[in-house]
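Notes for the one structure printed next.
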Amino acid sequence: MPYVNIKVTHEHGGLTKEQKHELIEGVTDLLSEKLQKNPASTVVVIDEIDTDNYGLGGEQITERRKKES
């Protein structure tokens, strides 16, 4: 059973329901076509990560982005 975890930042309102659907469908199709995995047993999870919840170089991404704009 393939398990794919997609992590994206939750910014500007996050992903739409349609974008999530397209990601899930697209990844499932890719695994089916390229690796001959059964779509019925392919799990795709999308995690939206708030930019306060991760950092780079000891600084929250939210703060780094404020400096960059």
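The sequence shown begins at 1478 in this note's numbering and counts up one residue at a time. Backbone N, C-alpha and C fix where the C-beta goes; we use that ideal spot for every residue, glycine too.
Judged by DSSP secondary structure, K1484 falls within the beta strand (DSSP E) whose first and last residues are 1480-1486. Distance from the CA of P1516 to the CA of M1478, rounded to the nearest whole angstrom, comes to 9 Å. Distance from the CA of Q1537 to the CA of S1546, rounded to the nearest whole angstrom, comes to 15 Å.
For D1506, the enclosing alpha helix (DSSP H) begins and ends at 1494-1512. One alpha carbon belongs to Y1480, the other to R1542, and they sit about 31 Å apart.
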